[in-house]
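Encoded as C-alpha cells, the structure appears first; notes follow it.
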Amino acid sequence: MKFCTAEEMRRLDHKTIFECGVPGVVLMENAGRGAAVLTRQYFGDLAGRKILIVCGRGNNGGDGFVMARIFHGWQAEVKIILLADREKVQGDARINLDIVLKMGLEVIEVREEAHLEFFNPAEAHLIVDAILGTGLNTEVRGLYRQVIELINQADRPVVAVDVPSGLDADTGRILGAAVKADLTVTFGLPKAGLLLTPGENLVGRLEVVDIGIPPHVLAEADPGKELLLEDTLAGLLPPRTRDGHKGHYGHVLIVACSTGKTGAGAMAGLAAARTGAGLVTLAVPAGLNPILEEKVTEVMTEPLPEEIPGFLSARALDRILDLAQGKSVLALGPGLGTRPESAELVCNLVESVALPLVIDADGLNALAGRPEVLKKAKREVILTPHPGEMARLIGRSTAQVQADRLGAAAAFTRNQGVIVVLKGYRTVIAAPDGRLFLNSTGGPHMASGGMGDILTGMIAALISQGLTPVDAARLAVFAHGLAADQAAEEKGPVGLLASDLLEGLPGLWSRFIA
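Taking this note's numbering, the leading residue of the sequence shown gets 428, the next gets one more, and so forth.
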C-alpha cells in the first residue's frame, strides 16, 4: 500500500485540479461523501442521532460541511461548530458552507474562549473532527487546543477527517494536543503520520477514500513510499528447481562474536540457514570457536586469528578476505564487541571486501563518528541499526531519531548511499534511489535480545539466494515480524525469545515464492 507526505498529497491535488481540470470542489465533494459513507458503515444508521461536526476554516472544514449536508439528508440531527468567523472561510470550503447555511443547518461560530459555553461535545452521539488538516506544522495552542481537549474528554465516538487534528501528518508527532479518533478517513493516500507512532495510536480504524485523482496522476507522481504487506512481497523468492542443491542458494559468511556474546553470532548463522542459504560459515575469534562448534550444527565455523583472547582485530583481516572468496555476502557485527581493535577491523573490511555487506550491532558502533568509510565500500551495504545505533551514526539523540524515523533513515541513506533498515515498531527501510518502506508486522512481543541478530542472518541469506539487497531487506523485515507475530500467538506475547522465531521460519517462505 502506497503512502505519502502532506506535501506530496498537495502536489497530487494541484495536478488533478490544474492539469486535469477536475474542480477542487469536486474533490471536496468526493472526500466528504466518502467520509460520510464510511461513517455510516462503521457506526450504523445515523437517523435521529445527534452529530456534532467541528470545523476549521480551511479545506478540512469544507469536507466537514459536505459531511454535514449528507448526514442531514440521512435524517441525522446535525450541529456545526465553526472555529472561525464565517466571513473568513474561502474557496471551495466557502461554497460548501454557503450550501449548509441555505439548507438551514445550525452553524455556531466559536471564535474565542468565551464562546466555549456553546460547545458541549458530550451532548452529541457522534463527533466529527474537521478542524485541522495535513498542513499543521506548529503546536496547537489557545482555542483550538481547548476544543481538542474537550473533544477527548467527552468520551464520545469520533471520526477524524483526513488526519486527527493536532497530528503531524508526516512524522506522527503530537503537536501539543491531538484528537483521539475511533475512525480516521483519509483521502487519496494514507499520510505517513497515520502509520507511525505515536500518531497511529490516535487514528483508530484507518480507511482511505478515493477522491477522484486520476490513476495516471498517481502513477506519474508515485511518492516511492510503501507500507509492506504480504501481497506486495509475493513472488520475491525465486522458485527452487527439482535439481537444486546447496551450491545454488549461496554461501553466507558471518564475522561475529566476542567473549560473552557468542549467542549473537550463533543466532545470525542459524537464521541464515533457516532462511534458505545453501551454506553458512560463522567466522569467530579462535578462542571462541570451540564454543560455537557446540552451539551450532548445520552452520560451519571458522577460527580467526586474535590478539586479545575472545576479540577480533585487524590481524584477522587477511584471513577474512581469504574466506570471502567464493562467498555470496558478508554479515558483519553481531556480538563483535566494541574494542578499538575490532572497530578498526570493521572499517578495513568495509573498504576491502568485494561482497554485499550486512552490518549490524557492534559493526554499526564501529562506524559511529566515521560514516564516510561507507562510501569506500566496493558493493552494496545494508545497515540495520536500532534507534540508539542510528543516533550514534548521525550524531543526534535517540529521541530525535524517533521523532522523525522516516526522515532520519532517508537522510543517512541519501548522504552515504547505503540501505538503512531502521529497526523498531514500523521498521523503516530506506533505499538509495529514494524509496521508503514501512513494515506492517511485528510488535512489542519482539522486545528481547537477539531479534536483530536473527534479522541480520535473514537478510544475508536472501541476498545469497539472488534477491537484490533492497528486496532482501524488504522481505526479511516483513517475514521477521510475521514469524514473531505467529510465535507470540502460539506462545504468548511476554517472554518470547529470539530463537523462538527460528522454528517457524521455514513454514513462511512458501508464501513468497514466485
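Note that CB positions come from ideal geometry on N, CA and C, so glycine has one too.
* Asked: Alpha carbon to alpha carbon, how far is residue 824 from residue 483?
  -> 36 angstroms
* Asked: DSSP state of residue 638, grouped into three classes?
  -> coil
* For residue 921, collect the residues of the same chain with a Cβ closer than 8 angstroms to its Cβ; drop the 5 residues on either side in sequence, then sort them by chain order. => 872
* With distances taken Cα to Cα, identify the nearest neighbour of residue 559 among 820, 895, 511 and 846. => 511
* What do you get for residue 687, buried or exposed, if any count of 16 or more other CB atoms within 10 angstroms of its CB means buried? -> exposed
* Where does the unbroken beta strand (DSSP E) through residue 614 begin, and where does it stop? -> 610–614
* Below 7 angstroms CB to CB, which residues in the same chain sit around residue 714 once its five sequence neighbours on both sides are set aside? => 733, 736 and 737
* To do: Check whether the Cβ atoms of residue 585 and residue 618 sit closer than 8 angstroms, and answer yes or no.
  => no
* **residue 684 in three-state terms, based on DSSP** => coil
* In three-state terms, what does DSSP make of residue 602? -> coil
* Asked: Would you say residue 728 reaches chain C, if we count a Cβ-Cβ gap shorter than 8 angstroms as a contact?
  -> Judged by its chain identifiers, the structure shown contains no chain C, having just a single protein chain.
* Asked: Which of the three DSSP states, helix, strand or coil, is assigned to residue 904?
  -> helix
* To do: Evaluate the contact criterion for the region 701–711 versus the region 882–894: three or more CB pairs, one atom per stretch, below 8 angstroms.
  => yes
* Asked: Apart from the five residues on each side of it in sequence, which residues of its chain come closer than 7 angstroms, Cβ to Cβ, to residue 654?
  -> 428, 430, 622, 865 and 867
* Alpha carbon to alpha carbon, how far is residue 523 from residue 533? -> 14 angstroms
* Quick one: what does DSSP say residue 663 is sitting in, helix, strand or coil? -> coil
* Asked: Does DSSP classify residue 523 as helix, strand or coil?
  -> helix
* Asked: Grouping DSSP H, G and I as helix and E and B as strand, with all else coil, what is residue 443?
  -> helix
* **Nearest-angstrom Cβ-Cβ length linking residue 812 and residue 829, presumed shorter than 8 angstroms** => So it is not a contact: roughly 12 angstroms between Cβ atoms.
* Which same chain residues, not among the five before or five after residue 742, have their C-beta less than 6 angstroms away from its C-beta? -> 732 and 734
* To do: Determine the closest residue to residue 751 out of 774, 718, 680 and 801, with distance taken between C-alpha atoms.
  => 680
* Mind checking residue 475: buried by the 16 CB within 10 Å criterion, or exposed? -> exposed
* Asked: So who's on the other strand from residue 632, going by DSSP bridges?
  -> 610
* To do: Measure the C-alpha to C-alpha separation of residue 834 and residue 596 and round it to an integer number of angstroms.
  => 13 angstroms
* Asked: Got a sec? Which residues, its chain only, sit under 6 angstroms from residue 783 by beta carbon, not counting five neighbours each side?
  -> 756, 806, 807, 890 and 896
* Using 10 angstroms around the beta-carbon of residue 901, count the other beta-carbons present and answer buried if the total reaches 16, otherwise exposed. => buried
* Asked: Hey, would you say residue 557 sits closer than 8 angstroms to residue 500, going by beta carbons?
  -> no
* Just how far apart, CA to CA, sit residue 683 and residue 905? -> 24 angstroms
* To do: Measure the C-alpha to C-alpha separation of residue 589 and residue 491 and round it to an integer number of angstroms.
  => 10 angstroms
* Asked: So which of 800, 804 and 668 has the shortest CA-CA distance to residue 781?
  -> 804
* Asked: So residue 800 and residue 777 are in contact, right, with Cβ under 8 angstroms, and what is the actual spacing, rounded?
  -> 5 angstroms
* With burial defined as no fewer than 16 other Cβ atoms inside 10 Å of the residue's Cβ, what is the status of residue 530: buried or exposed? -> exposed
* For residue 772, I'd like the list of residues in its chain whose CB is within less than 7 angstroms of its CB, leaving aside the five on either flank, ordered along the chain. => 739, 740, 741, 743 and 744
* So, helix, strand or coil for residue 472, using DSSP? -> coil
* Asked: Is it the case that the Cβ atoms of residue 822 and residue 790 are separated by a distance below 8 angstroms?
  -> no
* Are residue 876 and residue 638 closer than 8 angstroms when you measure CB to CB? -> no
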